[in-house]
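Here is the structure we will look at, set down as structure tokens.
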Amino acid sequence: MTGTREKKRTPRQYALIAGSGFRDFGADSATHIVETEYGEPSSPVRELEYGEHKVFLIARHGDHLRIPAHRVNYRANMTALRKLGVDSVVAINTVGVINGQLLPGQLAVPAQLIDYTWGRGHSFHEGESDNLAHIDFTEPFCSDLRQKILDAAEAAGIACHDGGVYAVTQGPRLETAAEVRRLALDGADFVGMTAMPEASLAMELGMHYACLSLIVNFAAGCGQTAIHEDLEAHTATAKMQSMKVLRQFFHAVY
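In structure tokens form, the structure reads like this:
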């Protein structure tokens with residue numbers, strides 16, 4: 012023996028933020044009611060079990076999917092998870108695809124985003140204290156966490172697109188075809204409503220954050236069928252694949 016001991020690394024505490032395609036996910040799990048200075052989170056924080064480890068879960072749109080994206084209390088959600096010791100968040104969200112090389116039913120792990128939202132609680136820094144921080148948001152998603160999700164997808168045998176730009180729109184309505192053409196000119200590959208301000212709030216709290224995006228429809232004007240027909244046809248397939256990726260992900264990280 013050398014007389015030196017290797018320091019044991021403390022495992023990360025993970026959480027999932029589930030979107031509209033995950034009704035009843037973790038419904039029978041143990042719950043935590045967490046009070047925050049920003050009000051109530053979207054749902055009780057539930058405990059999922061992956062092996063011997065717990066993973067916390069928040070239903071972003073509430074237990075009954077009644078909270079639209081622009082009314083989600085993002086600051087309360089992220090604060091509640093941080094109070095429970097969470098340092099790494101995998102956000103599950105559904106997106107429409109703009110990139111013509113991808114199809115509904117597939118998965119993606121975006122690498123960049125463009126924020127088109129307004130009026131949301133975008134920061135914990137409201138000028139009410141001396142603790143003002145300007146986060147470096149050059150890379151909005153954690154590269155290490157992104158890679159772990161991509162590795163899990165490969166190990167699970169699930170095709171998952173690496174990279175792309177997520178355009179975050181205000182909602183709750185879907186976009187016009189003209190708006191999607193503008194997003195395409197801006198360089199967007201996907202369009203959704205929930206990655207912001209989750210990503211920036213997570214960074215302000217020192218949390219790792221990445222998205223596992225379920226492509227469930229062609230964005231407006233990009234497909235041949237009505238958007239809601241796409242949703243009905245492809246959401247279940249994308250959800251099933253994402254659950255396989257998550258099982259592999261937590262098996263690998265724990």
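Okay, so the sequence shown: first residue is 12 according to the working numbering, each after it adds one. All C-beta atoms in this analysis are idealised placements derived from N, C-alpha and C, irrespective of residue type, glycine included. Please read all numbers here as calculations on a predicted model, not as lab measurements.
Take residue i as the anchor and find which of the options has the nearest alpha-carbon.
| i | options | result |
| --- | --- | --- |
| Phe260 | Ala221, Leu212 and Ala91 | Ala221 |
| Ala116 | Ala122, Leu124 and Asn104 | With the sequence shown as reference, residue 116 is identified as Gly, and Ala is not the correct amino acid for it. When each option's Cα is compared against that of Gly116, the closest is Asn104. |
| Asp155 | Thr47, Thr42, Arg57 and Met218 | Met218 |
| Arg23 | His64, Phe33, Arg57 and Glu46 | His64 |
| Asn88 | Ala188, Ser253, Pro208 and Val264 | Pro208 |
| Val101 | Thr236, Ala206, Gly111 and Glu215 | Ala206 |
| His72 | His262, Glu51 and Gly175 | Glu51 |
| Gly96 | Thr21, His145, Tyr85 and His81 | Thr21 |
| His75 | Ala189, Ser53, Phe152 and Arg258 | Ser53 |
| Ala244 | Ser253, Arg258 and Ile226 | Ile226 |
Identify every residue that forms a DSSP beta bridge with residue i.
| i | result |
| --- | --- |
| Tyr57 | A small correction: the amino acid at residue 57 is Arg; Tyr does not occupy that position in the sequence shown. For Arg57, which the question treats as bridged, DSSP gives the partners Thr42 and Leu68. |
| Val176 | Gln123 |
| Ile78 | Ile78 pairs with nothing; no bridge assigned. |
| His219 | Ser99 |
Within the same chain, show all residues whose beta-carbon is closer than 6 Å to that of residue i, passing over the 5 residues directly before and after it, in chain order.
| i | result |
| --- | --- |
| Asn228 | Gly107, Pro115, Ile238, Asp241 and Leu242 |
| Phe135 | Glu215 |
Which residues in the same chain as residue i place their Cβ atom closer than 8 Å to its Cβ, once the five residues preceding and following it in sequence are excluded?
| i | result |
| --- | --- |
| Val256 | Leu118, Ile160, Ala163, Ala164, Ala167, Ile169, Cys171 and Leu223 |
| Arg16 | Residue confidence is low: Arg16 scores 45 on pLDDT, short of 50, so the model does not pin down where it sits. Its coordinate-derived value is still stated next. So no residue of the chain qualifies. |
| Lys94 | Val45 and Thr47 |
By Cβ distance below 7 Å, which residues in the same chain neighbour residue i in space, the five residues on each side in sequence not counted?
| i | result |
| --- | --- |
| Pro55 | Thr42, His43 and Ile44 |
| Glu186 | Thr180, Val202, Ala230 and Ala231 |
| Gly198 | Val176 |
Next on the checklist: Extract the residue ranges of the beta strand (DSSP E) inside the stretch 107–172, only unbroken runs of 3 or more that lie entirely within it.
Outcome noted: 118–120 and 123–126
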